[in-house]
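Below is one structure, written out as structure tokens, with a few remarks after it.
Number of protein chains: 2
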Amino acid sequence: MTARTTGERITDHPEAQDITLQGVLEALADPVRRSIVRQIAGARGDKACGTFDIAVTRTTGTHHFRVLRQSGVIRQYYAGTSKMNTLRRDELDLAFPGLLDAIVLAADREAARAAAPH
Amino acid sequence: MTARTTGERITDHPEAQDITLQGVLEALADPVRRSIVRQIAGARGDKACGTFDIAVTRTTGTHHFRVLRQSGVIRQYYAGTSKMNTLRRDELDLAFPGLLDAIVLAADREAARAAAPH
Chain A
-11 MTARTTGERI TDHPEAQDIT LQGVLEALAD PVRRSIVRQI AGARGDKACG TFDIAVTRTT
49 GTHHFRVLRQ SGVIRQYYAG TSKMNTLRRD ELDLAFPGLL DAIVLAADRE AARAAAPH
Chain B
-11 MTARTTGERI TDHPEAQDIT LQGVLEALAD PVRRSIVRQI AGARGDKACG TFDIAVTRTT
49 GTHHFRVLRQ SGVIRQYYAG TSKMNTLRRD ELDLAFPGLL DAIVLAADRE AARAAAPH
């Protein structure tokens, strides 16, 4: 995984012990950010920034990724010129067992319900 | 459980199908409201409004209880002159499996960590 570390230029990830429930819930109490997390959770492997389906401007998108990163929900790193995104699943599961899965499951259900014909 | 219905004067509880993940996460992304939920979860039976340990004014407390009620996290009812609080656990578990438990567990852990000597 050399590419993952040699290209690293993003330095504001919190340490695992500094991830707070408050920060994680604030991060996930936004529909765009939940959508980002769902898309990472549903991807095979990590997901590049340009590949998300989110209906916001680039600036707004950057803001949402920053909130997710600084709250400890996602980790970002460069692979060449691509900024990649991965969930900090192991660290979150250790700190808050079941929380990420429960929120992703709930968000999946809500999205499925929203997409269903009325 | 006649007392539970005959004394009912609180009419802004959402129906189960109208409880949204957005609303629940917004409600729980506040430390005072998480503390209220933790205290109900840790109580034997339902818990009267005057019995919570929260360091806010009465007006602020009322606001927080309203947010929890209108988001569908808690149900409030009168028993005589006491306003009682109960978690809408079954309905939340059905809509968002594991979410309430994961958040209460995480909040318990975080409170225990905050209370531990440094």
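Note that the protein sequences, when read in sequence, are chains A and B.
In terms of this note's numbering, the first sequence opens at residue -11 and continues consecutively.
In terms of this note's numbering, the second sequence opens at residue -11 and continues consecutively.
Quick reminder that beta carbons are idealized off the backbone N, C-alpha and C, glycines included.
C-alpha gap between residue i and residue j, whole angstroms
i: residue 35 (chain B); j: residue 35 (chain A); result: 45 Å
i: residue 80 (chain A); j: residue 15 (chain A); result: 13 Å
i: residue 20 (chain B); j: residue 52 (chain B); result: 7 Å
i: residue 56 (chain B); j: residue 66 (chain A); result: 41 Å
i: residue 68 (chain B); j: residue 23 (chain B); result: 25 Å
i: residue 72 (chain A); j: residue 3 (chain A); result: 19 Å
i: residue 40 (chain A); j: residue 10 (chain A); result: 25 Å
i: residue 17 (chain B); j: residue 70 (chain A); result: 32 Å
i: residue 83 (chain A); j: residue 33 (chain B); result: 28 Å
i: residue 26 (chain B); j: residue 95 (chain B); result: 7 Å
i: residue 78 (chain B); j: residue 31 (chain A); result: 31 Å
i: residue 97 (chain B); j: residue 1 (chain A); result: 22 Å
Any chain B beta carbon closer than 8 Å to residue i
i: residue 84 (chain A); result: yes
Residue range of the unbroken beta strand (DSSP E) whose run includes residue i
i: residue 63 (chain A); result: 62 to 67
i: residue 70 (chain A); result: 70 to 75
Neighbour list for residue i in chain B, Cβ cutoff strictly below 9 Å
i: residue 10 (chain A); result: 17, 18, 19, 22 and 98
Contact with chain A by residue i, beta-carbon distance below 8 Å
i: residue 7 (chain B); result: no
i: residue 31 (chain B); result: no
Closer than 7 Å at the beta carbon, the chain A residues around residue i
i: residue 14 (chain B); result: 17
i: residue 104 (chain B); result: Going along chain A, no residue has its Cβ under 7 Å from residue 104 (chain B), so there is no contact; the nearest lies around 13 Å.
Bridge partners - residue i, DSSP secondary structure assignment
i: residue 36 (chain B); result: B:72
Residue interval of the alpha helix (DSSP H) (run including residue i)
i: residue 52 (chain B); result: 46 to 58
i: residue 96 (chain A); result: 87 to 103
i: residue 14 (chain B); result: 9 to 16
Per-residue contacts from residue i into chain A (C-beta, under 9 Å)
i: residue 93 (chain B); result: 84, 85, 86 and 87
i: residue 90 (chain B); result: 84, 85, 86, 87, 88, 89, 90 and 91
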